[in-house]
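What follows is a set of notes on a single structure, which appears directly below.
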Amino acid sequence: AITAGVPAIFLGMLDRSSSGDTQTLSNLVQRDSVSLPETPLSFFGGDGNSLLNKGAGFLSSLFGNKSAGVTEAISSYSGTKSSTTSSILAMALPVILGLLRKHTSGGGANAISSLLNSQRDNIVSSVPAGLNLGNLFGNIPKLSTPHVSTTTTTHVRQVEETPKKGMGWLMPLLLLLIGAAILWWFLQRDKKPVEETSTAITTDSSAIVMPEAPATTAPLAGNIDSAGNYIYNPGNSVSLDLPNNAGKLEVGENSTEAKLIAFLNDANAKVDADRGNWFEFTNVRFRTGSAQITDESMTQLRNMVMIAKAYPMAKFKIGGYTDDTGDKAANVKLSQQRADAVASQIKKLGAPAGSINGAEGYGPEHPIGDNATEEGKAMNRRVAVNVKAK
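Take 135 as the starting number for the sequence shown in this note's numbering and just add one per residue.
In structure tokens form, the structure reads like this:
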């Protein structure tokens, strides 16, 4: 997946540039959180999820509504699970953005456009045979044309667009560095008891592991509705039998319920008391600017009550979040009100006494989307549930 993921990221950038939207790339490159790691260990700053969390919010800004298609194409080509592909892309993207910053003297839009155009042939020729991305990046004509196995190294191009240093070394170096980083991350992750998959259902279901003040993995694909809400793709329907005669749930494979049940059923997935085990609610929303829960949200909250009854030893905490629009203190207050509202509603719907162990509002902290985009803002206006005990 690495050999496909890195070229796919460059294709996404080239597609943005070719469509005239280089400013989006410039905004990403110039963000303070983008840096170029010097060694695989420094990618993470001692935390195996750091680079993953950093890149998760960038992916939707780069690929937009093509994110799911890119992930599916790479997974199909490489035979990896979608969650693994998303993690690889999320870790690779900040490194590539850091390289762009370094080689464009800060990441100006014109400099980025010049650099990408000068490397167009190299980028296109780096795409592995069999990786079908041509239908996703229509602004790159050569992508749909079969390319010759060897690429000439001399080009008749505008001299002023040639970067100061040749970049023929770029793709091999990136594959080496990112490959080493991802290997290190998986080795570190294996030291922890959180498993990526569960035998409870036949779907790709991973716990979102993050600090008590959370950050998450790459978000699920979705879109914004007319009210400005982020609507997650639920995936294929799955039927989940709950223990202790608590009933059966019919939910999407990408739903909060599916992932939460998979975590609770997995004996190897231990509760992380320090960082938490967080799951985003995929179908809980509020009236704009208020803590009033929408009627449509009640289905998922009732399902949460069924889960709480099915796992009587489990304890849960609710977290609330906003985007970064407006006053931070007001956002923290609103997120606290929303977290409290969800916790209160779950109790009112019949959750066992003591199963809801607190609620906290984090305001605009720990975004899962890019606040520079409307899609990212919609992602960040959310509530999540943390498993405190199981």
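Beta carbons: idealized from backbone N, C-alpha and C, even for Gly.
Remember, it's a predicted structure, so these values are computed and weren't measured experimentally.
Heavy atom of the ligand GTP within 7 Å of residue i beta-carbon
i, result
"D155", "The ligand GTP is absent from the structure shown, which contains no ligand whatsoever."
Coarse secondary structure for residue i, derived from DSSP in three states
i, result
"N367", "coil"
"G180", "Note that G180 scores a pLDDT of 45, beneath 50, so its modelled location is shaky; the value from the coordinates is reported in the next line. Of the three classes helix, strand and coil, the one that applies to G180 here is coil, per DSSP."
"E346", "Note that E346 scores 45 on pLDDT, short of 50, meaning its location in the model is unreliable; the coordinates nonetheless yield the value given after this. Coil at E346, not helix or strand."
"R421", "coil"
"K404", "coil"
"N378", "coil"
"N411", "strand"
"N399", "helix"
"V261", "coil"
"G356", "strand"
"G146", "helix"
"K215", "coil"
"S151", "helix"
"S239", "coil"
"S247", "helix"
"N388", "coil"
"A202", "helix"
"G232", "helix"
"L170", "Interpretation of L170 is limited by its pLDDT of 45, a score under 50 that renders its predicted location unreliable; the figure taken from the coordinates is listed afterwards. Looking at L170 - three-state DSSP - the assignment turns out to be coil, as it is neither helix nor strand."
"G362", "coil"
"Q253", "coil"
"P141", "helix"
Pick from the options that is closest to residue i, judged by C-alpha positions
i, options, result
"K451", "D458, M438, A444", "M438"
"D504", "L148, P141, F197, A142", "F197"
"K467", "E499, K481, T137, A224", "E499"
"V418", "Q434, A403, V405, A407", "Q434"
"T422", "T456, N379, A442", "T456"
"V526", "K449, Q157, L148", "Limits of the chain in this structure are 135 at one end and 524 at the other, which puts residue 526 out of reach."
"L162", "G232, T205, L145, L223", "G232"
"E494", "A485, Q470, A512", "Q470"
"S360", "V405, D474, A512, P368", "A512"
"A463", "Y496, S212, I427, N411", "Y496"
"V519", "G510, S195, E391", "E391"
"D474", "E430, P501, S424", "S424"
"D458", "S431, N514, Q426, A407", "N514"
"G264", "S212, N378, T218", "S212"
"D376", "K236, M440, G242", "Per the sequence shown, residue 376 should be read as Leu rather than Asp. Taking only the C-alpha atoms, the option nearest L376 is M440."
"R472", "T238, N465, G454", "G454"
"I365", "T137, A506, N465, F420", "F420"
"N262", "I395, A506, T137, G492", "A quick correction: the sequence has Pro, not Asn, at residue 262. Closest by alpha carbon: T137."
"N411", "F397, A401, N402", "F397"
"N465", "T238, N491, Q479, P501", "P501"
"N363", "E430, T214, N244, Q157", "E430"
"Q253", "G488, H237, G268", "H237"
"D255", "A243, I143, L148, G492", "L148"
"G242", "P368, G268, T218, D155", "D155"
Residue i and residue j closer than 8 Å at C-beta
i, j, result
"P141", "I257", "yes"
"S153", "L250", "no"
"M447", "K524", "yes"
"V517", "F415", "yes"
"L227", "I246", "no"
"S209", "S201", "no"
"S389", "K382", "no"
"G139", "I222", "yes"
"A444", "A485", "no"
"N357", "N199", "yes"
"R436", "L483", "yes"
"N266", "A207", "yes"
"S220", "G510", "no"
"E387", "N370", "yes"
"V204", "L270", "yes"
"I490", "A477", "yes"
"I427", "Q479", "yes"
Contact with chain D by residue i, beta-carbon distance below 8 Å
i, result
"N514", "Among the chains in the structure shown there is no chain D, since it carries only a single protein chain."
For residue i, the residue or residues it bridges with in DSSP
i, result
"L267", "Note: L267 sits in no beta bridge, so no partner."
"N520", "W412, K451"
"L383", "L374"
"I427", "F420"
Just list the beta strand (DSSP E) runs in the segment 443-517, keeping only unbroken ones of 3 residues or longer that don't cross its boundaries, in chain order.
449-455, 490-495
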